[in-house]
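> For reference, the structure I am asking about is given below.
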Amino acid sequence: MNHLKHLSVRAITLAAAMLPSAAILHAQTAAPAKPMALQTVMATLGRDMQTVTGAISREDWAMVARLAPDIAHHPAPPLSEKLRILGWLGTDAGKFRGFDAQVHEAAAAMGEAAARGDGQAVITRLATVQQSCLACHQAFRKSFREHFYGQP
Ligand code: HEC
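For the sequence shown, counting from 1, position 20 maps to 19 in numbering that gives the first Met the number 0; every step adds exactly one.
Dropping the structure here:
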């Protein structure tokens with residue numbers, strides 16, 4: 000009897016000890032996930048692309064030539080986030096990186112065309128950049144957001 004009493008006290012103590020962690024767990028799932036660093040990289044890419052289209056309308060090729068390398072060599076998220084993303088991508092990592100490489104290549108070519116003052120070529124290359132952005136978004140954005148934010 001004495002032994003049983005001792006046991007139940009232990010069980011209650013154990014349950015009490017578990018309560019706070021359950022509360023923390025709940026808070027973690029309820030709170031919106033922190034934005035990924037990739038989102039800031041993407042927002043900057045979006046702004047740079049808008050500035051490029053504005054510059055094309057003014058035939059400001061010097062501006063396009065200045066912005067193209069920023070698009071081609073956009074920053075990567077910090078290593079820890081990169082590893083998280085690569086872990087999530089698994090065997091799709093090559094596909095994801097391929098879209099990124101297409102952006103780099105097309106943006107570099109757009110910059111070269113701008114440096115030559117070749118407006119037609121700038122626009123052709125811009126379309127390729129945009130196709131690469133769209134291809135990655137269509138393939139990965141929804142599942143990325145579902146995985147890292149728990150929402151589409
Ligand atoms: C390799 C894949 C990939 C490529 C290439 C890519 N994106 Fe993204 N982009 C993403 C992902 C994933 C998200 C979702 C990020 C998030 O919600 O945290 C995103 C989100 C965005 C957003 C929304 C950011 C926000 O504030 O919610 C913009 C704008 C954007 N991308 C612009 C671009 C532009 C412009 C290009 C091409 C120059 C581009 N992206 C190329 C993967 C890519």
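C-beta: ideal position from N, C-alpha, C; glycine also.
Would you say the beta carbon of Gly-86 comes nearer than 8 Å to a heavy atom of the ligand HEC?
As a working mapping, residue 86 is identified with position 87 in the sequence shown. Incorrect: Gly-86 has no Cβ contact closer than 8 Å to the ligand HEC.
> Measure the CB-CB distance between Ala-108 and Thr-127 and report whether it falls below 9 Å.
The residue given as residue 108 occupies position 109 in the sequence shown. The residue given as residue 127 occupies position 128 in the sequence shown. It is a contact, given that the beta carbons lie within the stated cut-off.
> Roughly how many angstroms lie between the CA atoms of Pro-68 and Arg-140, to the nearest whole one?
Taking the sequence shown and counting its residues from 1, one reaches residue 68 at position 69. Taking the sequence shown and counting its residues from 1, one reaches residue 140 at position 141. Spanning the two alpha carbons is a distance of roughly 24 Å.
> Starting from the C-beta of Glu-145, find all residues in its chain whose C-beta is less than 8 Å away, skip the five residues before and the five after it, and write them out in chain order.
Position 146 of the sequence shown, counted from the first residue, corresponds to residue 145. Around Glu-145: Pro-151.
> Hey, is Leu-82 close to the ligand HEC, as in C-beta under 8 Å from one of its heavy atoms?
As a first step, residue 82 is located in the sequence shown; it is residue number 83 there, counting from the start. The answer is no for Leu-82.
> Just to confirm my understanding: we take Cys-135, look at its own chain, exclude 5 residues before and 5 after, and list those with CB closer than 6 Å. What are they?
Start at 1 with the first residue of the sequence shown, and residue 135 comes out as number 136. Within the same chain, Cys-135 has close Cβ partners Phe-98.
> Kindly examine the ligand HEC and report whether one of its heavy atoms sits closer than 8 Å to the Cβ of Ser-131.
Along the sequence shown, one-based indexing puts residue 131 at 132. True, at least one ligand heavy atom lies under 8 Å from that Cβ.
> Counting only the same chain and skipping the five closest in sequence on each side, list residues whose C-beta sits under 6 Å from that of Ala-54.
Taking the first residue of the sequence shown as position 1, residue 54 is located at position 55. Closer than 6 Å at the Cβ level, and outside the excluded window around Ala-54, lie Met-62, Val-63.
> Could you tell me if Ser-56 is buried or exposed, where buried requires 16 or more neighbouring beta carbons within 10 angstroms of its beta carbon?
Locating residue 56 in the sequence shown gives position 57, where the first residue counts as 1. By the 10 Å Cβ count, Ser-56 comes out exposed.
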